[in-house]
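Going down the list, the sequences are from chains C, L, X, S, A and P.
If you're matching positions, the first sequence starts at 19 in my numbering and goes up one per residue.
If you're matching positions, the second sequence starts at 19 in my numbering and goes up one per residue.
If you're matching positions, the third sequence starts at 19 in my numbering and goes up one per residue.
If you're matching positions, the fourth sequence starts at 19 in my numbering and goes up one per residue.
If you're matching positions, the fifth sequence starts at 19 in my numbering and goes up one per residue.
If you're matching positions, the sixth sequence starts at 19 in my numbering and goes up one per residue.
Notes follow the structure.
There are 6 protein chains.
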Amino acid sequence: MVYITRREQFSAAHKLFRKEWSEEKNNEVFGKCSNPNWHGHNYELFVTVKGEQNPDTSFVANLSTISVILREKVISKLDHKNINLDVDFMKGKTATTETLAVEIWKQIETPINQLGCTLHCVKIRETENNYVEYFGS
Amino acid sequence: MVYITRREQFSAAHKLFRKEWSEEKNNEVFGKCSNPNWHGHNYELFVTVKGEQNPDTSFVANLSTISVILREKVISKLDHKNINLDVDFMKGKTATTETLAVEIWKQIETPINQLGCTLHCVKIRETENNYVEYFGS
Amino acid sequence: MVYITRREQFSAAHKLFRKEWSEEKNNEVFGKCSNPNWHGHNYELFVTVKGEQNPDTSFVANLSTISVILREKVISKLDHKNINLDVDFMKGKTATTETLAVEIWKQIETPINQLGCTLHCVKIRETENNYVEYFGS
Amino acid sequence: MVYITRREQFSAAHKLFRKEWSEEKNNEVFGKCSNPNWHGHNYELFVTVKGEQNPDTSFVANLSTISVILREKVISKLDHKNINLDVDFMKGKTATTETLAVEIWKQIETPINQLGCTLHCVKIRETENNYVEYFGS
Amino acid sequence: MVYITRREQFSAAHKLFRKEWSEEKNNEVFGKCSNPNWHGHNYELFVTVKGEQNPDTSFVANLSTISVILREKVISKLDHKNINLDVDFMKGKTATTETLAVEIWKQIETPINQLGCTLHCVKIRETENNYVEYFGS
Amino acid sequence: MVYITRREQFSAAHKLFRKEWSEEKNNEVFGKCSNPNWHGHNYELFVTVKGEQNPDTSFVANLSTISVILREKVISKLDHKNINLDVDFMKGKTATTETLAVEIWKQIETPINQLGCTLHCVKIRETENNYVEYFGS
Chain C
19 MVYITRREQF
29 SAAHKLFRKE
39 WSEEKNNEVF
49 GKCSNPNWHG
59 HNYELFVTVK
69 GEQNPDTSFV
79 ANLSTISVIL
89 REKVISKLDH
99 KNINLDVDFM
109 KGKTATTETL
119 AVEIWKQIET
129 PINQLGCTLH
139 CVKIRETENN
149 YVEYFGS
Chain L
19 MVYITRREQF
29 SAAHKLFRKE
39 WSEEKNNEVF
49 GKCSNPNWHG
59 HNYELFVTVK
69 GEQNPDTSFV
79 ANLSTISVIL
89 REKVISKLDH
99 KNINLDVDFM
109 KGKTATTETL
119 AVEIWKQIET
129 PINQLGCTLH
139 CVKIRETENN
149 YVEYFGS
Chain X
19 MVYITRREQF
29 SAAHKLFRKE
39 WSEEKNNEVF
49 GKCSNPNWHG
59 HNYELFVTVK
69 GEQNPDTSFV
79 ANLSTISVIL
89 REKVISKLDH
99 KNINLDVDFM
109 KGKTATTETL
119 AVEIWKQIET
129 PINQLGCTLH
139 CVKIRETENN
149 YVEYFGS
Chain S
19 MVYITRREQF
29 SAAHKLFRKE
39 WSEEKNNEVF
49 GKCSNPNWHG
59 HNYELFVTVK
69 GEQNPDTSFV
79 ANLSTISVIL
89 REKVISKLDH
99 KNINLDVDFM
109 KGKTATTETL
119 AVEIWKQIET
129 PINQLGCTLH
139 CVKIRETENN
149 YVEYFGS
Chain A
19 MVYITRREQF
29 SAAHKLFRKE
39 WSEEKNNEVF
49 GKCSNPNWHG
59 HNYELFVTVK
69 GEQNPDTSFV
79 ANLSTISVIL
89 REKVISKLDH
99 KNINLDVDFM
109 KGKTATTETL
119 AVEIWKQIET
129 PINQLGCTLH
139 CVKIRETENN
149 YVEYFGS
Chain P
19 MVYITRREQF
29 SAAHKLFRKE
39 WSEEKNNEVF
49 GKCSNPNWHG
59 HNYELFVTVK
69 GEQNPDTSFV
79 ANLSTISVIL
89 REKVISKLDH
99 KNINLDVDFM
109 KGKTATTETL
119 AVEIWKQIET
129 PINQLGCTLH
139 CVKIRETENN
149 YVEYFGS
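Encoded structure:
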């Protein structure tokens with residue numbers, strides 16, 4: 019069993035807030051992240067896949083193929099977008115990095131596993147100080 | 019003459035567009051950066067100051083003092099904000115990194131130079147692939 | 019279960035030596051790290067916490083709150099300090115990065131877990147070539 | 019149990035291809051990585067070792083000793099070399115990062131474990147977007 | 019006058035040697051970089067352009083356009099290639115980073131300057147310890 | 019004229035204080051950097067040299083030779099040392115990064131220039147937020 023990781027990036031706007039809460043309550047819970055006019059980040063996405071090496075190629079999976087999947091299913095939907103407004107799989111959800119990791123997992127689990135390997139981890143680096151990892155359960 | 023540099027960071031939303039132009043024209047010129055719903059970045063700001071060493075402290079200037087100026091004049095206005103909507107010194111301007119560097123220069127030139135040194139460069143890193151530098155003229 | 023990580027930094031002096039040993043013996047075991055006049059590092063601290071997402075906030079825990087705990091319990095005691103001489107929780111201990119990771123774990127386990135999540139890992143990067151991780155047992 | 023990691027680096031040439039396959043087939047499977055005239059990378063190697071802290075030194079193991087092992091067994095054979103042509107432990111193998119991680123594990127497992135600790139992970143970063151990890155089985 | 023910089027990357031093989039010299043002489047001068055079987059690097063290319071801001075766009079030049087030029091004129095010729103064997107503009111030249119910077123300058127000076135700005139600097143990072151910059155004369 | 023840069027690193031302890039001043043005055047001017055028990059950093063040193071390319075080697079200078087000079091004249095004196103107590107060329111001086119850059123310049127100017135090139139810049143990165151550059155006058 020070998021683990022391989024692909025890094026991709028996207029630049030997006032978002033805010034943290036709940037419609038059910040007042041602006042004061044949102045500000046109390048989410049602080050500056052609740053700015054009504056949005057803010058944004060350069061996000062780094064690290065997707066880790068595990069599996070046996072293919073005896074013909076010595077690959078667990080071709081990282082170029084994984085990159086194609088990530089770009090189609092995730093990056094094209096998030097890059098230079100508003101996470102709260104523009105992203106189908108984030109509609110109606112709070113745009114925390116935790117939720118983003120869980121929802122990205124759902125988008126890519128099937129196509130990744132169809133390559134004959136197993137999705138292991140979705141990691142997102144929101145800033146150089148803040149990271150989130152999700153392992154599927 | 020010695021040059022000293024302080025790095026600060028801010029996370030902000032923006033879009034590139036001109037009100038005078040149609041959405042098509044904006045998209046033609048600015049591409050995905052013109053997304054009407056905004057996108058965002060983790061910006062890194064590098065401010066370089068030059069001067070003689072103070073014979074008492076051996077400092078050109080105390081980088082902690084420069085950091086206080088940058089936080090008051092720049093970072094507090096940009097961090098977790100929308101550059102187009104929330105930032106007084108960017109009102110009515112196109113939110114390119116070039117303009118941001120020039121306008122940040124204007125905000126900090128006087129308070130930096132009052133420390134007895136000379137503002138030399140404002141550098142902004144928008145993504146790991148894109149940088150802008152402004153030297154004041 | 020989602021894992022979230024907060025990075026903090028501190029710059030500190032230390033040396034590796036045992037009082038029971040001669041300077042020669044210390045030098046033989048710890049090499050240049052035993053320099054009697056100290057040396058120092060920019061340490062990076064990565065603290066990983068795991069838990070379920072709070073249904074109200076979508077957070078495992080607010081990383082700003084974790085940062086406040088880390089600054090109060092760890093960074094304020096280590097930053098711009100001498101690890102051997104100035105830090106209460108390192109008194110009488112050899113100042114290796116391994117011991118530092120274990121002792122930082124002890125300082126933060128209770129306040130982190132009181133947030134309703136579970137401390138998972140304390141990781142310290144001493145130089146760009148040397149890292150230590152501790153998972154609590 | 020504490021985990022410690024040492025980073026080393028090497029710059030090497032390689033290509034991905036199977037002698038049994040035509041150039042077209044190699045190009046179809048391995049893409050630009052199959053360029054007959056080679057290409058190359060700055061590889062980063064991260065070796066993680068786990069164990070109890072030695073009560074005399076507070077070390078799991080001296081990272082300087084681990085560095086000496088890595089340089090003798092791995093780096094001296096790979097740095098400024100051709101992975102396909104010059105490296106004894108890669109002879110006859112496809113030079114993917116996956117295979118490189120597995121074969122480096124075999125080179126260092128015995129000497130690392132003789133230090134009284136246990137080899138835990140061999141991680142290789144081939145580019146800033148591609149990583150491989152191997153945990154020994 | 020504002021300066022803007024675009025970063026691109028390429029992974030390539032090369033060796034340092036002169037055909038006129040014996041293998042011993044090449045080894046004496048170029049050390050491990052003269053390995054006959056090649057070695058390689060992940061190169062980072064930073065291209066800096068200077069100019070006035072366009073009053074319509076606020077850009078000095080669109081960094082996407084500069085990226086297209088760099089990919090067409092430089093990256094497509096160097097990425098996953100052998101610098102000594104595969105690259106037209108390096109034929110018959112010693113493949114030092116100095117020469118690479120000068121020759122990349124020649125490839126891009128005309129198309130960059132046709133954008134209405136001025137090529138200022140070609141910088142190449144060969145490893146995390148070695149950089150070269152060329153300013154055109 | 020081409021510019022080449024070599025990066026080296028050292029880990030050292032220091033403090034900022036003047037003997038002529040009281041502890042209160044030192045604390046007022048230098049803040050936490052004046053901690054009597056020292057603190058420390060992982061310093062990065064970037065030395066830039068300029069010159070014409072040697073027609074035989076295509077090098078401005080061999081960066082391996084520059085590295086040997088830097089290690090002998092600078093790194094061996096600073097690495098795992100106390101800048102205030104252990105370093106001959108810093109004796110009696112305030113250990114700011116500005117002074118360190120100027121004094122390192124003096125140590126290496128002659129041996130670098132004897133290689134047939136010209137010392138251009140000494141840059142020191144003290145932390146990821148603080149840098150100093152010195153160009154020799």
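Just so it is clear, CB atoms sit at the ideal spot from N, CA and C, and this is done for glycine as well.
Query	Result
Cβ contact check for the segment 54-65 of chain P and the segment 121-139 of chain A: 3 or more pairs under 8 Å	no
Closer than 7 Å to chain L by CB, C:H98	yes
Separation of P:C139 from L:I84, as counted between CA atoms	23 Å
Cβ-based contacts, 7 Å cut-off: residues of the segment 65-90 of chain L near chain P	Q71, T75, S76, F77, V78, L81 and S82
Status (buried if at least 16 other CB within 10 Å, exposed otherwise) for P:K141	buried
Distance between beta carbons of X:A113 and X:K33, contact taken as under 8 Å	7 Å
Reference C:K91, options C:F28, C:R143 and C:I22, closest by Cα	C:F28
Whether P:A31 touches X:A31 by CB criterion (7 Å)	yes
Chain L contacts made by the segment 120-151 of chain P, where a contact means CB separation under 8 Å	V120, E146, N147, N148, Y149, V150 and E151
Any C-beta of chain X under 7 Å from that of S:V20	yes
Those residues which DSSP pairs with X:A31 across a bridge	X:G58 and X:N100
Distance between beta carbons of C:I87 and S:Y149, contact taken as under 8 Å	That belief does not hold up - the Cβ atoms of S:Y149 and C:I87 are roughly 17 Å apart, past 8 Å.
Test: A:E38 CB closer than 7 Å to a CB of chain P	no
Neighbour-count burial assignment, P:Q71, 16 or more Cβ in a 10 Å radius	buried
CA nearest to the CA of A:F64, picked from L:E46, L:E116 and L:R143	L:R143
When X:E151, X:G154, X:I130 and X:P54 are compared against X:V78, the one with the closest alpha-carbon	X:I130
Interface positions of the segment 27-59 of chain S facing chain A (Cβ-Cβ less than 7 Å), listed along the chain	S29, A30, A31, K50, C51, N53, N55, W56, H57, G58 and H59
C-beta neighbour in chain P for A:E116, strict 7 Å	yes
Pairwise C-alpha distance: P:E26 and A:N44	26 Å
Cross-chain neighbours of S:T23 in chain C, by beta carbon under 7 Å	In chain order: nothing, as chain C lies at least about 15 Å away.
Identity of the residues DSSP links to C:R143 by a beta bridge	C:E62 and C:Y149
Sheet register partners of S:L137 (DSSP bridge)	S:V67
Where the alpha helix (DSSP H) containing X:P73 begins and where it ends	Where X:P73 is concerned, there is no enclosing alpha helix (DSSP H), given that its DSSP letter is neither H nor E.
Contacting residues, own chain, Cβ-Cβ under 8 Å from A:C51 (five flanking each side not counted)	K33, L34 and H57
Euclidean distance between Cα positions of A:N147 and P:V67	14 Å
Own chain residues within Cβ distance below 7 Å of C:T136, not counting five before or after	V67, K68 and G69
Reduced DSSP secondary structure (H/G/I, E/B, other) of C:R89	helix
Spatial neighbours of X:T115 in its chain, beta-carbon cut-off 6 Å, leaving aside the 5 residues before and after	I142, E144 and V150
Helix, strand or coil at P:V78 [DSSP, three-state]	coil
Min CB distance A:L63 to chain S below 7 Å	no
Cβ-based burial, X:S76 [other Cβ within 10 Å; buried from 16]	buried
Cross-strand partners of S:E26 (DSSP beta bridge)	S:L63
Beta-carbon proximity check, X:L96 vs X:R24, cutoff 7 Å	no
Where P:K109 falls, given that 16 or more other Cβ within 10 Å makes a residue buried	exposed
Simplified DSSP assignment, three categories, for P:V20	strand
CB of P:N55 within 7 Å of CB of X:D104, strictly	yes
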